[in-house]
Amino acid sequence: MSRLRPVRGTHDLFGETLRRHRLVAETGRRLAVRYAFEEIETPIFEFTEVFSRTLGETSDVVTKEMYTFEDRGGDSITLRPENTASIVRAVISGGLFQDLPVKFFYCGPMFRYERPQKGRLRQFHQIGIEIIGAPEPEADVETIALGRHLLEELGVADRVELQINSLGNVASRAAYREALVAYLRRHEDRLSPDSRLRLERNPLRILDSKDPGDRELLAEAPLFSDYLDRESRHFFARVCAGLDLLDIPYRVEPKLVRGLDYYTHTTFEFVTQELGAQGAVIAGGRYDGLVKQMGGPDIAGIGWAGGVERLAMLLPAAPAAVRPTAVIPVGDEAEREAWLLAMELRRQGFVVDIAYHGRPSQRMKRADRRNCRFALSLGEIELARRVVRLRDLDTGEERVVSRDALAAMLRELGAAEA
RNA sequence: GCGAGCGUAGCUCAGCUGGCUAGAGCACCAGGUUGUGGUCCUGGGGGUCACGGGUUCGAAUCCCGUCGCUCGCCCCA
C-alpha cells in the first residue's frame, strides 16, 4: 500500500458517496436554472495572481493553502482554491459585463493544501452562484433565497441556521476596523497569542475567535452595527426586509466576519451543528470592489459557495442505485437471442445487464447480487413462442410475456430507465 | 504548522499479560443444482500482521523511529 494510494486529502468517489454528491450538484444545478442562472465552467487552474491579489495577501488561503507550481513556461500557476476569483476573471477577460447583471452557477473541484478532517479535504467540491453587476439588495435576497431553497430541496433546511451580518461599505468597514483595533490594543495583554497575530494581519477575524479569554474581551468590544453609515445601514435593512418578505428565517450575527478580504456589505453562512468544526455548508457575501480591483469596471457582485461533501454528509439518506433488468439466456441456442433482446430493450431506454457466462442459476444469483429488480429469461420454449419469462426478483413472482408486449409491461412495472 | 487516537484478508474485527504453518463473520470464486436468485452445505483464492530498526531462544503482541488514516486546533465550503 506504499505508493498506490490517493494523495492525502483526496478520495476516489463512487457508489453511495458519489450518488450523494451527484444529488447535491444536480439539485443545485436544477434550482439555479429555475432562478435563471446560467452555468459556467472555468479552468481548474489560473495564474497565481488571480487568487493572491483578490483573496487578500494575508489570508490563510493565500499564505498557506494554495497548490501553486511553476509550469514549463515559467509561469506561476495555482489550482483554484475557490471559484469566485476565476469567474470574475472570466467576466473581465471575456467582456461579459456588456449585459448586466450576469448570473452564473458553477460546480466542480477546488483545491486547498490543508490537514484533512471531517468535512475538509485537499480536493473538495463546491457548487455556487454569482450575480455580477447588481448593486441592489434584491440580488442579495435572491442569492440567499436560492441557498435556502437548495437546503429545503435536499431535506436539510431544518438542521441548518442562516446567520447574516453586514460589513458595510468600504468606508464603514475601515472606520470599524480602526475602532476595533484601538480597543484591542488597549487590552493586548489579555489577547490569546493567535489573536495577537491577527491584530496585525486581519483584526476583524478576532471577532471569530473561540478562545474563552478573547470572547470575554469581545463582549465589551465596539459593535460593527454602530459603525455602519447611513447607506450601509439602509442597504442591510433592505436585505433583511427582503428575507422577511420571502419568509426566510435568519439570525443577525454581528461577529460573523468571514476570511476573504473582498467581502463588503452582506455576509452570510448557513451553519449546521452536525459536522463538528466545519459547520458552514453554504457561505458567501457581497464583493462590490472586487471586479474593479481585478482590473474590470466598477461593478458589484454577490454570491455563495456550498460544500458538496458537507451537504452530502447531511443528506438524510443516500439516493438509491439504479436497479437493472437482467437478461438470462437458458441454453446455448438462446444466447444470441438474449443479446438481441438486451440491445433492443436498451434502445428503448431500459437499464439492462447481461452476464457473459454461467448457467441460468448462476446468472440469476448474479442478477440478485447486482441488485437487479427484474430478470428476463428465455430458452428454447420461449424462443419458439416468441415470449420471455419476466421474474420480479423482489417477490419471486414470474409471468410469461410476449415479446411484443414486453416493453409496455416493463414500463408498467416500473423497470429502471435511463 | 500544532495536538490526540488508531494501523491484522476487499469490509468489520478477534488474537488476553510474547509461544506451533495468523483466525472469524461478511464479501469474492467454484461445486452441490448444464431451465431460475435470496436459505443451506462443501471446497477455494486471497495477509510483507503499515514500514524500518531494537529487545528476546522466540514479536501481530513489548520499545523506538518513520509513513499512513481519522479526529480536533488554526482556517475554511
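When you read off a place in the first sequence, starting at 1, and then add 441, the result is the number in my numbering.
From the three backbone atoms N, C-alpha and C, an ideal C-beta is built for every residue, glycine too.
- According to the DSSP secondary-structure assignment, Gly747 is paired through a beta bridge with Ile568, Ile723.
- According to DSSP, residue pairing for Cys548 in a beta bridge involves Ile568.
- Separation of the CB atoms of Thr766 and Arg600 is rounded to 37 angstroms, and the pair is thereby denied contact status at 8 angstroms.
- Taking the CA atoms as reference points, Ala762 sits about 52 angstroms from Glu672.
- Ser607: member of the beta strand (DSSP E) spanning 601 to 607, first to last residue.
- Of the residues Glu710, Met507, Glu511, the one whose Cα lies closest to the Cα of Ala598 is Glu710.
- In this structure, Asp670 and Asn610 form a Cβ contact; the two beta carbons are roughly 7 angstroms apart against a cut-off of 8 angstroms.
- Cβ-Cβ separation between Ala753 and Val465: approximately 5 angstroms, consistent with a contact (criterion under 8 angstroms).
- Under the three-state reduction of DSSP, Thr509 is assigned to strand.
- Residues of the same chain with a CB within less than 6 angstroms of the CB of Leu658, apart from the 5 flanking positions on each side, are His628, Arg631 in chain order.
- Within the DSSP secondary-structure output, Asp835 pairs in no beta bridge.
- Pro550 and Gln567 have their C-alpha atoms roughly 6 angstroms apart.
- Per the coordinates, the alpha-carbon of Arg727 lies some 49 angstroms from the alpha-carbon of Arg852.
- With respect to the C-alpha of Leu496, the residue from Asn643, Thr468, Ala575, His452 having the closest C-alpha is Asn643.
- Comparing C-alpha distances from Met507 to each of Phe488, Phe486, Tyr554, Ala473 shows the shortest one belongs to Tyr554.
- The C-beta distance from Ile570 to Phe538 rounds to 17 angstroms, too long to fall under 8 angstroms, and the pair is not in contact.
- If you check the CB distance, Arg475 and Ala759 do not come in under 8 angstroms.
- By the CB criterion at 8 angstroms, Arg521 and Glu487 fall inside the cutoff.
- Note on Tyr797: under 16 other CB atoms within 10 angstroms of its CB, so exposed under the neighbour-count rule.
- By the neighbour-count criterion, in which 16 or more other beta carbons inside 10 Å mark a residue as buried, Asn812 falls on the exposed side.
- Within the model, the alpha-carbon separation for Asp835 versus Met784 is close to 24 angstroms.
- Per the coordinates, the alpha-carbon of Asp655 lies some 21 angstroms from the alpha-carbon of Gly717.
- Apart from the 5 residues on each side of it in sequence, Ala623 has no Cβ closer than 6 angstroms to any other Cβ in its chain.
- Taken in chain order, the complete alpha helix (DSSP H) segments of 4 or more residues contained in the segment 653 to 734 are 653 to 659, 671 to 686, 731 to 734.
- Gln803 sits in a helix when the DSSP states are folded into three classes.
- At the C-beta level, Thr584 and Gly744 come within 8 angstroms of one another.
- A Cβ-Cβ distance of about 3 angstroms is found for the pair Gly820 and Val771, placing them in contact under the 8 angstroms criterion.
- Listed in chain order, the non-local C-beta contacts of Phe552 below 7 angstroms within the same chain comprise Tyr508, Leu520, Arg521, Pro522, Arg563, Gln564, local neighbours out to five positions each way being set aside.
- Phe815: member of the beta strand (DSSP E) spanning 815 to 819, first to last residue.
- Excluding the 5 residues flanking it on each side, Arg787 has same chain C-beta neighbours closer than 8 angstroms at Val793, in chain order.
- Taken atom to atom, the span from the alpha-carbon of Gly560 to that of Asp845 is near 51 angstroms.
- One alpha carbon belongs to Pro576, the other to Leu782, and they sit about 59 angstroms apart.
- Closest option to Ser802, judged by alpha-carbon separation, among Arg814, Phe791, Ser818, Gln789: Ser818.
- By alpha-carbon distance to Pro690, the top candidate from Val698, Ala580, Cys681 is Cys681.
- According to the DSSP assignment, Ile795 belongs to the beta strand (DSSP E) that extends over 793 to 795.
- In the three-state reduction of the DSSP assignment, Leu520 falls in the strand class, which pools E and B.
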